[in-house]
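Numbering (this note's numbering), first residue to last: 65 to 641.
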Ligand SMILES: Nc1ncnc2c1ncn2[C@@H]1O[C@H](COP(=O)(O)OP(=O)(O)OP(=O)(O)O)[C@@H](O)[C@H]1O
Ligand SMILES: [Mg+2]
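Here it is in structure tokens:
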């Protein structure tokens, strides 16, 4: 937090100076009261009275102006700090590897970024300033009270011990409630994310789970009611107790001032000024104690936010990167004795995979579902890092290359296509912001999707809808291919969708894929024989191991697993009857 505040230290110093100035200025009022009561009124000194009264007005006006300035300045600083924090959390989470997002429930991240960072806002924007202002007022008032009468001042101190004890109790309660509340809020967020997204609603409708989902939401929301009420009410009884104690003090003070043993020859002006000061002490003192409460309660928020900020980035830029120039790279990809295990995997997803893909060649990965094809392909773009062995491009370990450079060299078309909610043009430009219209049309043509786009009423300005649900699977995949072609990577990773496409679409996707892999090193995960047949190397994976590799003909001759897979595929292709 200190780091976030550091850039604003001069503004903060100014804020504190303003606070000290206005609190000190406000202390003049009781002394002016004493002047009026003890001097101006008894002696009927009109000029003195006029000056004293004018002074009181000036003090009020002065503190008001300083207050406005201070609020403006501190709110600005606070908002900038919040902005810094939000951006830091977003940027840091974006650098996390896929493992983090696999582990984290959808909606949890949004909730922490919005609800928890948002909840810290009031603490960050107002706590520091109200602490400074309350502290100065309390100290100043205490000094002034002691100057007026040290006996009465001592008497006023008796309220402090019970006040502090009560505050600590309330603070602990609030912290527990806040932790629970934020957790419930995140749950609620996740349920919105899961239940009210396109895929979620689709699932709810097809499984008839809508009513159950609504009930679950209602239950979480209902829990939140109780927590919010408890959070608002925690400490209200403390406030009531404190105001009763405080209200009793003036009575004790009048008594003490009236008794000859304790009065010490006090003037009426002093007594009035003293009670005025003592009355003024209540609010800042309670303010100071409240800060304790809200700071303790907000620790719950801080720990949730900093838990994310403190996450190590496991797939990061190397300390001393090796240059891999996208313009000159040849694109030879090697997997050298690669092993990989998912953090929660009980058996390795990849085991001693050793493959070389010469520059410009095509490697087809085949194997049963779950055999590790997507996992192996993910290592090239560093979506995962191998647990043992290494992956190299032109002999350079991909872990020694800056991630941004690697992204320029390796293009990935994933199994599931994600499109941003925007127009087709925006989605394509997302891959290359400075792409010209001509480049975009060319990429779309090569991906066999231009005709389709051109046929839409709005053409390239058609809004794709959330995650691209507006398009069919085959169409989305060709859009994704167009997007990748626009980046023109030397190494292309294609994770073909498993879903069956109709013949027409399949042919279009096939042409798009052939076009995409021309002149590039391509690692294709294929579920269709037609894609695999022409590959330079075919590797058959089984439970994370390469069990066969060679060309289509070689592997057919071997008559092993590939021959069986290919035979099954041929048979499937023959129309029944
Ligand atoms: N994030 C993950 N955490 C743990 N295990 C995973 C994770 N992703 C995949 N696995 C496991 O690793 C193994 C290989 O998965 P992978 O996705 O690479 O298979 P695949 O060959 O691409 O299958 P498909 O043909 O169905 O796409 C599977 O057993 C899978 O359950
Ligand atoms: Mg896969």
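Idealized CB from N, CA, C, for every residue including glycine.
Query: For residue 148, three-class secondary structure by DSSP; Result: helix
Query: Beta strand (DSSP E) segment containing residue 556, residue limits; Result: 555–559
Query: Simplified DSSP assignment, three categories, for residue 401; Result: strand
Query: Alpha-carbon spacing of residue 213 relative to residue 220, whole angstroms; Result: 11 Å
Query: heavy atom of ligand 2 below 7 Å from residue 644 C-beta; Result: Shown here, the chain extends from 65 to 641; a query on residue 644 therefore has no answer.
Query: Selected residue, minimal CA-CA separation from residue 489, among 241, 309, 518 and 453; Result: 518
Query: Three-pair Cβ contact test at 8 Å for the region 79–91 versus the region 185–197; Result: yes
Query: Residue from 186, 308 and 383 with nearest C-alpha to residue 355; Result: 186
Query: Span separating the alpha-carbon of residue 189 from that of residue 136; Result: 11 Å
Query: Cβ pair residue 554, residue 403 closer than 8 Å; Result: no
Query: Coarse secondary structure for residue 386, derived from DSSP in three states; Result: coil
Query: Residue 331 to residue 102 span [Cα, whole Å]; Result: 7 Å
Query: Selection from 209, 336 and 278 that minimises the alpha carbon distance to residue 345; Result: 209
Query: Per-residue burial, residue 639 [other beta carbons within 10 Å of its own, 16 or more giving buried]; Result: A caution first: residue 639 carries a pLDDT of 47, below 50, which makes its placement in the model too unreliable to give a value.
Query: Any non-hydrogen atom of ligand 2 closer than 7 Å to residue 606 Cβ; Result: no
Query: Beta strand (DSSP E) segment containing residue 498, residue limits; Result: Neither: residue 498 is in no beta strand (DSSP E) and is coded neither H nor E.
Query: Identity of the residues DSSP links to residue 612 by a beta bridge; Result: 604
Query: Cβ-Cβ distance between residue 175 and residue 250 below 8 Å; Result: yes
Query: Local conformation of residue 166 per DSSP, three classes; Result: helix
Query: For residue 234, the three-state DSSP class (helix, strand or coil); Result: helix
Query: Beta-carbon gap between residue 181 and residue 393 smaller than 8 Å; Result: no
Query: Residues bridged to residue 587 (per DSSP); Result: 427 and 557
Query: Unbroken alpha helix (DSSP H) run spanning residue 287, endpoints; Result: 274–297
Query: Buried versus exposed call for residue 514 [16 or more other C-beta atoms within 10 Å across all chains shown]; Result: buried
Query: Alpha carbon of residue 349 to alpha carbon of residue 313, nearest angstrom; Result: 14 Å
Query: Contact under 8 Å by Cβ, residue 72 with residue 262; Result: no
Query: Straight-line gap, residue 410 to residue 450 (C-alpha atoms, nearest Å); Result: 16 Å
Query: Heavy atom of ligand 1 within 7 Å of residue 166 beta-carbon; Result: yes
Query: Collapsed DSSP secondary structure at residue 308 in the structure displayed; Result: helix
Query: Opening and closing residue of the alpha helix (DSSP H) in which residue 519 lies; Result: 514–519
Query: Reference residue 234; option with closest CA among 272, 305 and 177; Result: 305
Query: Own chain residues within Cβ distance below 8 Å of residue 88, not counting five before or after; Result: 200 and 204
Query: Closer than 7 Å: residue 589 CB and nearest ligand 2 heavy atom; Result: yes
Query: Any non-hydrogen atom of ligand 2 closer than 7 Å to residue 479 Cβ; Result: yes
Query: Classification of residue 641 by the beta-carbon crowding that lies within 10 angstroms, buried from 16 upward; Result: Here residue 641 scores only 34 on pLDDT, less than 50, and its place in the model should not be relied on; the value that follows carries that caveat. Exposed: under 16 other Cβ atoms inside 10 Å.
Query: Cα-Cα separation, residue 400 to residue 495; Result: 30 Å
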